[in-house]
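J.: The structure under discussion is supplied below as structure tokens; questions concerning it will follow.
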Amino acid sequence: MLNLIITMKLYIFAILLFIPSILHAEIPAMVKLGEDASKQTNVEHMSVNRFMLGMASTFSNKQQRETFKMLDNIEMIECKNSNYAPRLIERTMEIIKDVGAEHIGNHNDDKALNKLYAIRQGEVINELIIIVEAHAGGVAVVAMSGKIPINRLPEIATIKQ
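Under the numbering used here, the letters of the sequence shown match residues -14 to 146, in that order.
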């Protein structure tokens, strides 16, 4: 009987240890932002959960499959509304600040300026938020949850919408 009680306590303790990472598997404020933003004209929001990522990986090449395995959730907001775009960026930056994400870099290519923010534990990114400001106008916000080793971050750029 004592062994059963000890086993149950250990089981409950193990569950409690995982709760912070389970609750932190995605940023609820980003989901809410996407839902609110999609009420604007010329703004689209898409959520891609673990199941849909698994389906996408089925039809991907081997390297893409490995990239999809790192991810649990993706929130995408595409804004072609120039009046709403500054507010979208402002709200995204508020969320970034509230969750304590750190700026990890910028990437400027011929099409857009990409600003990357992350919540990480050591060398693993748990939450990645990317603000994409297109040179031709328009803004996109992408939030990814999962376990992304920093050295595999370039693979994220290869994911096609």
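Where a beta carbon is used, it is the ideal one built from N, C-alpha and C, also for glycine.
#1: With 8 Å as the threshold, decide whether the Cβ of Asp21 is near any Cβ in chain D.
#2: Who are Asn99's beta bridge partners in DSSP?
#3: Could you check where the alpha helix (DSSP H) with Lys132 kicks off and where it finishes?
#4: Quick one: what's got a C-beta closer than 7 Å to Pro134's C-beta in the same chain, skipping five residues either side?
#5: With distance defined between alpha-carbon atoms, name the residue in Leu18, Pro13, Glu29 nearest to Gly123.
#6: Could you give the residue range of the alpha helix (DSSP H) that holds Glu60?
#7: With 16 other CB atoms within 10 Å as the buried threshold, where does Asn136 fall?
#8: Using 7 Å as the cut-off, classify the Cβ of Ala128 as near or not near the heavy atoms of the ligand MG, replying yes or no.
#9: Between Gly131 and Phe53, what straight-line distance do the alpha-carbon atoms span, to the nearest angstrom?
#10: Just tell me which of Asn91, Glu51, Ala14, Asn68 has its CA closest to the CA of Thr143.
#11: Classify Glu51 as helix, strand or coil using the three-state DSSP reduction.
#12: When DSSP labels each residue in this structure, what does Glu140 get in the three-state scheme?
#13: Look at Ile115 and Asn93 and say whether their C-beta atoms are less than 8 Å apart.
#14: What is the rounded straight-line gap between the Cα of Gln106 and the Cα of Met15?
T.: Checking against the coordinates, here is how it stands:
#1: Looking at the structure shown, chain D is missing, and only one protein chain is on hand.
#2: For Asn99, which the question treats as bridged, DSSP gives the partners His92, Val117.
#3: For Lys132, no alpha helix (DSSP H) run applies; the uninterrupted beta strand (DSSP E) run containing it begins and ends at 124 to 134, by DSSP.
#4: So the qualifying residues of the chain are Glu108, Val109.
#5: Cα-wise, what sits closest to Gly123 is Glu29.
#6: Segment 56 to 64 is the beta strand (DSSP E) holding Glu60; no alpha helix (DSSP H) there.
#7: Exposed, since its Cβ has fewer than 16 Cβ neighbours within 10 Å.
#8: Absent from the structure shown: the ligand MG. Ligands present: none.
#9: The alpha-carbon separation between Gly131 and Phe53 amounts to approximately 10 Å.
#10: Per the Cα distances, Glu51.
#11: Glu51 falls in the helix class under three-state DSSP.
#12: DSSP places Glu140 in helix when its eight states are reduced to three.
#13: Contact: no.
#14: Straight-line spacing of the CA atoms in Gln106 and Met15 works out to 20 Å.
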